[in-house]
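Following: one structure in structure tokens, then a few remarks.
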Amino acid sequence: MKLPHATYTPFEEIDHTADVGIRARGESLSSLFVNAAKGMMWLIYPHALNSDAECRDLVRVHASTSDTLLREWLAEILYVHAAKHVIPRHFDIRSISENKLEASVRSTPMSDAMCNDVSEIKAVTWHGLSIKRDGSMYVAEIIFDI
Amino acid sequence: MSIEAKKIDDTTWEIPKSGRMRVPGIVYASESMMHTIRQDQSLEQVANVAHLPGIVKYSLAMPDIHWGYGFPIGGVCATDADEGVISPGGVGYDINCGVRLISTALNAEQIRPRIRDLVSSLFRYVPTGVGSSKAISKLSRTELFAVARNGASWAVERGFGSTSDLDCIEDRGCLEDADPEAVDQRPWERGADQLGTLGSGNHFLEIGIVEEIYYPEAAAAFGLIKNAIAVMIHCGSRGFGYQICDDYLKVAQQATQKYGITLPDRQLACAPLRSDEGRRYLGAMRCAANYAFANRQIITHLAEEAFRETLQISPREAGFKLVYDICHNIAKLETHTVDGVQQRVCVHRKGATRAFGPGDKHLPEFYSRIGQPVLVPGDMGRYSYVCVGTNKAMHDTFGTSCHGAGRHMSRKKALSAGKGRDLIAELNESGVEIMATGMKTIAEEMPHAYKDVADVVNVMHDAGITKKVAKLRPIGVIKG
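Chains as they are written, first to last, in the working numbering: chain A, 109 to 254; chain B, 126 to 605.
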């Protein structure tokens, strides 16, 4: 049975002494990847944005396993955020398999005022990276270097 | 996984070799620190590092050890230059994150009444925070290549500081054989406008007072006088370094498979030093290290300008003089005596500081008799230390010591502990003026999120790895 969206927590912060991590959940790989991306961006910029997303990037990643694919996906979003000075907010996964993903990412440009309360994530690490099944759900854990 | 650590003496613990560990682990800690260390995965990470091919003698951990990713923070290992590997995770994403200390001709009485203005001015002069940029004009690719090849001397040639500064920087602010051709497109994009910026997280610029002198001869050699003002800067290679590490971790993942290396943690991915992958990473990593040296050199100049403008004083009256600049996150080819024989090794220092003893040929002549300054920042509310390297460090730890206080509280717990408190007022009451881009950073970096750096420094002092020289008390801080 497909769980209604509200019955699970899409992402939550997990403890790490030096850095920071998230546990993301999804009913499918696609929703897991979207929730992990939202979780990462929530760590960076936990505030609501009133302005519309104004720019769009097409993201394509491939990897040998689904957990590595998740890392590559998040690393790609992080690159878009850092190199283009934008806050990626909407993630539309067009196709996904165990080792390949194509998505559209829509972002809001960062104003100077927005920079004042943003946390920096330096990178998406491989440490403790996992995707597991918990009943009908996919659950992923990711540690970020900050 | 439970890791056994046997007490050797009051400051040293051994993790016996087991399973596929190639060498034992050695952890420097007091009894009470070990109680805390055992509560997270850092000992497991010391054991994991011992799996790296070509590792020599021990997998080491300094007393500021805490749970990192792959290597523990505070982790050190040396791998044989011929038979060993290099691990980008053993350097970390912020390549050549490091610290520099500047002595000044100013004293506490002159600065205390102006501290709020000074902190405010520093905050304007030195860009801080996420994606901070535009401290200097955006650089062309040609200029960036020159930064990557030449490090701090690039900055000096453009008027940021003087040639004499270079004598007071580890490796004179430039790692040789940096290879810009080994750096992909993305690091250049991210690094183009970030030189001269502090960044975020635990990076800071701090004004401190030399509060106590423990070793007068060394303090005199370092130009540290009781009650004088000193400036400490902590930052690294910004997005340029993060992207290089990320790019090469992917290369190392493939190399680990290609060369049939078995590791307990993917973050330890590595490549033989003599392989094409290993050589290319070394060349790219050195570019990031040089970028970081240039970054701190420019920030020093900006800080001096902020002091001069605020206090309306001349360069001579400000008296800025670089004491030393050290790397925290680095891998370097060095020669060490191993079992009585000189051996070329690649020393990975992940959250650890080079601490060469007296007489080492890499030290400038004016520090040769005393040893290398070792800068150990604490938290922003208490104190930092200046220590000096010893010959015992050369023998026991590949010339390495601790790099800071080390966290004992996660950022999540620190945020929770800070809820409902006026942390800025608390810091002000303890005599510290602070400016940051957001309250979240202040809450995450609050003093009690860190171990007491005095405990960390005392372990290294008691173990004979470094000697305490001076204690600095912060009075003004800017953070990202």
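Just so you know, even glycine gets a beta-carbon here, dropped at the ideal spot from N, CA and C. The structure presented is a predicted model; accordingly, all values stated were derived computationally and were not measured.
- In this structure, serine 509 of chain B keeps its C-beta atom at 8 Å or more from the C-beta atom of methionine 410 of chain B.
- For the region 224-254 of chain A, the full-length beta strand (DSSP E) segments reaching 3 residues or more read 238-242, 245-253 along the chain.
- Looking at the backbone, the Cα of alanine 353 of chain B and that of glutamate 434 of chain B are separated by about 19 Å.
- Around serine 136 of chain A, the same chain offers Tyr246 as residues with beta carbons nearer than 8 Å, after the five sequence neighbours per side are excluded.
- Aspartate 450 of chain B carries a strand assignment under DSSP once its states are collapsed to helix, strand and coil.
- Cβ neighbours of lysine 517 of chain B within its own chain (closer than 7 Å, five residues either side excluded): Gly589, Ile590.
- Of the residues B:Ser493, B:Ala530, B:Gly506, B:Arg145, the one whose Cα lies closest to the Cα of valine 513 of chain B is B:Ser493.
- Residue nearest to aspartate 577 of chain B within the set B:Met505, B:Phe418, B:Arg145, B:Asp242 is B:Met505 (criterion: CA-CA distance).
- The three-state reading of DSSP puts histidine 528 of chain B in coil, since its state is none of H, G, I, E or B.
- Taking histidine 170 of chain A as the centre and dropping the five residues before and after it, the same chain places the C-beta of Leu177, Glu180, Asn207, Lys208, Leu209 closer than 8 Å to its C-beta, in chain order.
- Contact between glycine 361 of chain B and cysteine 222 of chain B is confirmed by a C-beta separation of about 3 Å, below the 8 Å threshold.
- Boundaries of the alpha helix (DSSP H) around histidine 160 of chain B: 156-162.
- Boundaries for alanine 203 of chain B: no alpha helix (DSSP H) harbours it, while the beta strand (DSSP E) harbouring it runs 196-205, taken from the DSSP string.
- Contact annotation: proline 498 of chain B and phenylalanine 347 of chain B have beta-carbon atoms nearer than 8 Å.
- DSSP places tyrosine 510 of chain B in no alpha helix (DSSP H) but in the uninterrupted beta strand (DSSP E) bounded by 509-514.
- Counting C-beta atoms within 10 angstroms of its own C-beta, valine 472 of chain B has 16 or more neighbours from the protein chains shown and is therefore classed as buried.
- In the structure shown, the three-state DSSP call for arginine 546 of chain B is coil.
- Judged by DSSP in its simplified three-state form, glutamine 468 of chain B adopts strand.
- At a cut-off of 8 Å between C-beta atoms, tyrosine 218 of chain B counts as an interface residue with respect to chain A.
- DSSP places lysine 593 of chain B inside the beta strand (DSSP E), whose first and last residues are 591-604.
- Collapsing the DSSP output to three states places histidine 193 of chain A in coil.
- DSSP, read as helix, strand or coil, puts tyrosine 575 of chain B in strand.
- By the Cβ neighbour-count rule, glutamine 170 of chain B is buried, with 16 or more other Cβ atoms within 10 Å of its own.
- Nearest C-alpha to valine 594 of chain B among B:Ile140, B:Leu393, B:Thr515: B:Thr515.
- Contact of tyrosine 187 of chain A with chain B is assigned, a C-beta pair being separated by under 8 Å.
- Secondary structure of tyrosine 384 of chain B (DSSP, three-state): coil.
- For arginine 266 of chain B, DSSP records no beta bridge to any residue.
- In this structure, DSSP gives glutamate 434 of chain B a helical state, which the three-state scheme calls helix.
- With contacts defined by Cβ atoms closer than 8 Å, serine 228 of chain B and valine 448 of chain B form a contacting pair.
- Segment contact: the region 379-397 of chain B against the region 229-242 of chain A, three or more CB-CB distances shorter than 8 Å; contact assigned.
- At least 8 Å separates the CB of histidine 528 of chain B from every CB of chain A.
- By the rule that beta-carbons nearer than 8 Å mark a contact, tryptophan 313 of chain B does not touch chain A.
- Comparing C-alpha distances from alanine 145 of chain A to each of A:Cys223, A:Met222, A:Val226, A:Ile201 shows the shortest one belongs to A:Ile201.
- Asparagine 207 of chain A carries a coil assignment under DSSP once its states are collapsed to helix, strand and coil.
- Interface with chain B (8 Å Cβ-Cβ cutoff): alanine 132 of chain A is excluded.
- Look at serine 325 of chain B: its C-beta is under 8 Å from a C-beta on chain A.
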